[in-house]
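Chemist: Let me begin by handing over the structure; questions about it come next.
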Amino acid sequence: MKIIVDYDTTPRDQRKICETLSKECQIPTEGISGLSSDDDHYKEDRRAQIAEILTLEDIVVTDDFELAQDLIENALAVVSPEGIVITQANINNLLYERYLREKNPPKALSREAAARRHHDEIDRFTTILLDLIAPLDTTYYE
């Protein structure tokens, strides 16, 4: 089992959570990015990079719903940084909601509401990851 993180779409806080949990639970983490560190140009398709290393026991963290749709059947779980487990049952809904948000963007949140929403997302994300890891790692709770 390993955690595969899509660095292009996952916020820094959620990446840090993945790294922390992987150290505590002794699970390897792999970061995938389509950006080259040299010149900020796309160098490789993330789908190809992930397909090379993905097994049925892996957890993938990405906010790219098209990528998630391709990986759902080949991974233990695909999780968005907002803490949503992406499945075949909800992927079409998520794609449609994103389409509606792009057509009619929501009003900007106040700073307090945005901070509260951010903390809720981080808590939900951490809980989901722990729930996915816990059946395989019982030493975390001892």
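Residue numbers (UniProt numbering): 1 to 142. Note that the Cβ used here is the ideal one computed from N, Cα and C, for glycine as well.
1. With distances taken between CB atoms, is the gap from R98 to L67 smaller than 8 Å?
2. Please identify the residue among A114, E112, I72 whose C-alpha is closest to the C-alpha of T55.
3. With H, G and I counted as helix, E and B as strand and the rest as coil, what does DSSP make of I122?
4. Enumerate, from N- to C-terminal direction, the unbroken alpha helix (DSSP H) stretches of 4 or more residues contained entirely within the stretch 42-111.
5. Would you identify the three-state DSSP class for D8, choosing helix, strand or coil?
6. Excluding five sequence neighbours on each side, which residues of the same chain lie with their C-beta closer than 7 Å to the C-beta of D13?
7. So what's I128 in DSSP terms, helix, strand or just coil?
8. So, under 8 Å CB-CB, G83 and I17 are touching, yes? Tell me the CB distance rounded to an integer number of Å.
9. Give me the DSSP bridge partner(s) of G31.
Modeler: Based on what the coordinates show:
1. Position 98 of the sequence shown, counted from the first residue, corresponds to residue 98. Position 67 of the sequence shown, counted from the first residue, corresponds to residue 67. In this structure, L67 does not lie closer than 8 Å to R98 by Cβ.
2. Here residue 55 refers to the residue found at position 55 of the sequence shown. It is I72.
3. Within the sequence shown, residue 122 is the residue found at index 122, counting from 1. In this structure, I122 counts as helix in the three-state DSSP scheme.
4. 46-53, 65-71, 91-103
5. Locating residue 8 in the sequence shown gives position 8, where the first residue counts as 1. D8 falls in the coil class under three-state DSSP.
6. For the purposes of this step, residue 13 is identified with residue 13 of the sequence shown, where counting begins at 1. Excluding residues within five positions, the ones whose Cβ falls inside 7 Å are I122.
7. Numbered from 1 along the sequence shown, position 128 holds the residue referred to as residue 128. Of the three classes helix, strand and coil, the one that applies to I128 here is helix, per DSSP.
8. Here residue 83 is taken as the residue at index 83 of the sequence shown, counted from 1. Here residue 17 is taken as the residue at index 17 of the sequence shown, counted from 1. Incorrect: roughly 10 Å between the Cβ atoms, too far for contact.
9. Working through the sequence shown from its first residue, we reach residue 31 at position 31. In DSSP, G31 forms a bridge with V5.
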